[in-house]
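First up is the structure itself, then whatever we jot down about it.
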Amino acid sequence: MPVVVLAVMSPFLRSYLTVVWFGLASFLVAGLLLGISALIRPNKPNPEKLLTYESGVDPVGDGWSQSQIRYYVFALLFVIFDVEAVFIFPWATQLERYAVFGLVEMGVFVGILLLGLVYAWRKGVLRWV
Amino acid sequence: MNAAVLSADLAYWAQSLLRVLGGLVAVLLPAGTIVYLFLFKMMSFMQSRLGPMEAGPYGSMQLFAEVGKWLQKEDIYPARADRFLFKIAPLIVLASTFLLVVVVPFGPDAWFTDFEAGVFYMLAVSSVSVLGILIAGWSSANKYSLLGGLRAAGQLIAYELPMVLAVVGVVIQAGTMNMQGIVVAQNAGSMFGWDGLGNPYVLTQFVGFVIFMIAVQAELTQTPFDMPIAESELVSGYMTEYSGFRFLIFFIGEFATAGVFSMIASVLFLGGWAVPFSWFGWTNLNDIDNWMNVAGPLILFTKMVVLSFIIMWVRFSFPRFREDQLQRFAWKVLIPVSLVNIMLTAIFKVAF
Numbered sequence: 026m027p028v029v030v031l032a033v034m035s036p037f038l039r040s041y042l043t044v045v046w047f048g049l050a051s052f053l054v055a056g057l058l059l060g061i062s063a064l065i066r067p068n069k070p071n072p073e074k075l076l077t078y079e080s081g082v083d084p085v086g087d088g089w090s091q092s093q094i095r096y097y098v099f100a101l102l103f104v105i106f107d108v109e110a111v112f113i114f115p116w117a118t119q120l121e122r123y124a125v126f127g128l129v130e131m132g133v134f135v136g137i138l139l140l141g142l143v144y145a146w147r148k149g150v151l152r153w154v
Numbered sequence: 129m130n131a132a133v134l135s136a137d138l139a140y141w142a143q144s145l146l147r148v149l150g151g152l153v154a155v156l157l158p159a160g161t162i163v164y165l166f167l168f169k170m171m172s173f174m175q176s177r178l179g180p181m182e183a184g185p186y187g188s189m190q191l192f193a194e195v196g197k198w199l200q201k202e203d204i205y206p207a208r209a210d211r212f213l214f215k216i217a218p219l220i221v222l223a224s225t226f227l228l229v230v231v232v233p234f235g236p237d238a239w240f241t242d243f244e245a246g247v248f249y250m251l252a253v254s255s256v257s258v259l260g261i262l263i264a265g266w267s268s269a270n271k272y273s274l275l276g277g278l279r280a281a282g283q284l285i286a287y288e289l290p291m292v293l294a295v296v297g298v299v300i301q302a303g304t305m306n307m308q309g310i311v312v313a314q315n316a317g318s319m320f321g322w323d324g325l326g327n328p329y330v331l332t333q334f335v336g337f338v339i340f341m342i343a344v345q346a347e348l349t350q351t352p353f354d355m356p357i358a359e360s361e362l363v364s365g366y367m368t369e370y371s372g373f374r375f376l377i378f379f380i381g382e383f384a385t386a387g388v389f390s391m392i393a394s395v396l397f398l399g400g401w402a403v404p405f406s407w408f409g410w411t412n413l414n415d416i417d418n419w420m421n422v423a424g425p426l427i428l429f430t431k432m433v434v435l436s437f438i439i440m441w442v443r444f445s446f447p448r449f450r451e452d453q454l455q456r457f458a459w460k461v462l463i464p465v466s467l468v469n470i471m472l473t474a475i476f477k478v479a480f
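Laid out in structure tokens, this is it:
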């Protein structure tokens, strides 16, 4: 990385650069170990060995078989609650400043969300279908 | 303070190299400790057997023997697998662990990064590993793996929320999302005017702590929540087709993440690297003596061992949840309880 770019970068961005280095380091370490392994491990493929594992019998049909995803409604609920968390965190850090006003506001917010959860619950969405 | 002066003398590349090496130790040391101490020895003792005894005194060199063994194993790609995705999936899982350790503070000046929104970053990055798991499950072109990957995704969706909501209680009490700030808030705090222990949030946020540990257990797919890798029905789920060193990377990733999550839990709930500030008459981060940079990592490591002991203890003690029980537990118990916990914490914070 050129020095100029580093000088322009704010400390904020620079701390996120560390994240990049850590990510690269993990790939590097894993790559290094896999490389060492490649030098000493045997490599004798044969058609039986490369067969998809299905408890010892020959595989039936395609590996990417259709499967029912039973919790797609949960996934929708998850998005709602995850976005809620994004709103709650900034409020949580500033609660001391907002005091009772913030408390009531968040009470309403969480109340509405709980109402949504109760609605989903009553609708039987949370039941295993 | 002084370490900052020290690091200012170094070039940026040297600082980064030091950080990365430190991160390597912070990821691999807990993983090795957990695997040897708990997975090899404690599990054996709980099952009335000795565990590894041959390699080194009490089998303490077993880890190196295992790595040597895995290095020599053939790396098999199933003929029908999506080769590129199949190859990189374990790396993504390992990378998520490395990204997670970035936010953990080890001492007053011993940290990798000091994000203002550290808690947020931690919660965001913790879900990257499931991406790797989903890729592994899909690219294997195996029915077991596909089911395992999908179950892992469903489980993460359900248990990510209680984890996020449990941490909100801590953020409310500390008034900051900075991990270092949370450590200081706990150790400089007091309970009912008594500051002998500081204010470790495991006492005032006990509900949050329990929910957080349950969610961690689920995110790590440790036993009561191990539907995605259920050996008896899915034959290790998304790992079925993996062999040789790629399998070991998954394995290391799993236990390294257990270690890092234990460290994060001790930062959030047990006071992190610090001792209660009143013991030495400190009041804020700048008063702290330099020796804490050495003692801090050791204190954090001790707390990490205690928490991962709990994770492993639960793992060896309980039978597996059924998939519907697992989802029901998250949505009908943990999420409502953690929402109530948030509101109660907020009320107490405003009232006092």
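As given, the protein sequences belong to chains A and B, one line each in that order. Going by the numbering used here, the first sequence opens with residue 26, and the numbers climb by one from there. Going by the numbering used here, the second sequence opens with residue 129, and the numbers climb by one from there. Beta carbons: idealized from backbone N, C-alpha and C, even for Gly.
Asked: Does any CB atom of chain B fall closer than 9 Å to the CB of residue 149(A)?; Found: no
Asked: Taking C-alpha atoms, which residue in 479(B), 452(B), 372(B) and 276(B) lies nearest to residue 482(B)?; Found: Since the first and last residues shown for chain B are 129 and 480, residue 482(B) lies out of range.
Asked: Could you pull out every residue in the same chain whose Cβ sits closer than 7 Å to the Cβ of residue 246(B), ignoring the five residues on either side in sequence?; Found: 231, 305, 306 and 307
Asked: Per the contact definition of three or more C-beta pairs closer than 8 Å, is the stretch 42 to 49 of chain A in contact with the stretch 175 to 186 of chain B?; Found: no
Asked: Whose Cβ in chain A lies nearer than 7 Å to the Cβ of residue 242(B)?; Found: 40
Asked: Against chain A, does residue 219(B) count as a neighbour if the rule is that its beta carbon must be under 9 Å from one of theirs?; Found: yes
Asked: Enumerate in chain order the residues of its own chain whose CB-to-CB distance from residue 281(B) is below 8 Å, with the five nearest sequence positions on each side excluded.; Found: 258, 261 and 262
Asked: Quick check: is the beta carbon of residue 390(B) nearer than 9 Å to any beta carbon in chain A?; Found: no
Asked: With a threshold of 6 Å on Cβ separation, who are the neighbours of residue 404(B) within its own chain once the five nearest residues in sequence on each side are excluded?; Found: 315, 325 and 326
Asked: Which chain B residues sit within Cβ distance under 7 Å of residue 68(A)?; Found: 202
Asked: When we look at the beta-carbon of residue 435(B) and count the other beta-carbons within 10 Å, is it buried (16 or more) or exposed?; Found: buried
Asked: Report, in whole angstroms, the separation of the C-beta atoms of residue 68(A) and residue 202(B), which I expect to be a contact under 8 Å.; Found: 6 Å
Asked: According to DSSP, which residues form a beta bridge with residue 319(B)?; Found: 322(B)
Asked: Going straight from the alpha carbon of residue 139(B) to that of residue 190(B), what length do you get?; Found: 39 Å
Asked: Near residue 218(B), which residues of its chain fall below 6 Å by C-beta distance, leaving aside the five closest residues on each side in sequence?; Found: 374, 377 and 378
Asked: Going along chain B, which residues have a C-beta under 7 Å from residue 48(A)?; Found: 223, 226 and 227
Asked: How long is the line joining the alpha carbons of residue 196(B) and residue 208(B), rounded to whole angstroms?; Found: 29 Å
Asked: Pick helix, strand or coil for residue 233(B), following the three-state DSSP scheme.; Found: strand
Asked: Would you check if the distance between the CB atom of residue 238(B) and the CB atom of residue 401(B) is smaller than 9 Å?; Found: yes
Asked: Interface residues of chain B around residue 35(A) at Cβ under 9 Å?; Found: Neighbours of residue 35(A) on chain B: none; closest Cβ ~12 Å, over 9 Å.
Asked: Which partner residues does residue 198(B) have in the DSSP bridge list?; Found: According to DSSP, residue 198(B) bridges with nothing at all.
Asked: Name the one or two DSSP bridge partners that residue 239(B) has.; Found: 233(B)
Asked: Using a C-beta to C-beta distance shorter than 9 Å, which residues of chain B count as neighbours of residue 134(A)?; Found: Ordered by position in chain B, no residue passes the 9 Å Cβ test against residue 134(A), which lies about 10 Å from the chain.
Asked: At what residues does the alpha helix (DSSP H) containing residue 151(A) begin and finish?; Found: That residue, residue 151(A), is in no alpha helix (DSSP H); it is neither H nor E in DSSP.
Asked: Buried or exposed: residue 430(B), going by 16 or more other Cβ atoms within 10 Å of its Cβ?; Found: exposed
Asked: With 9 Å set as the bound, which would you pick, yes or no: does the beta-carbon of residue 251(B) sit closer than that to a beta-carbon of chain A?; Found: yes
Asked: Got a sec, what are the start and stop residues for the alpha helix (DSSP H) residue 272(B) sits in?; Found: 271 to 302
Asked: Tell me the rounded alpha-carbon separation between residue 26(A) and residue 41(A).; Found: Any reading at residue 26(A) must be qualified, since the residue scores a pLDDT of 46, below 50, and its modelled position is unreliable; no value is offered.
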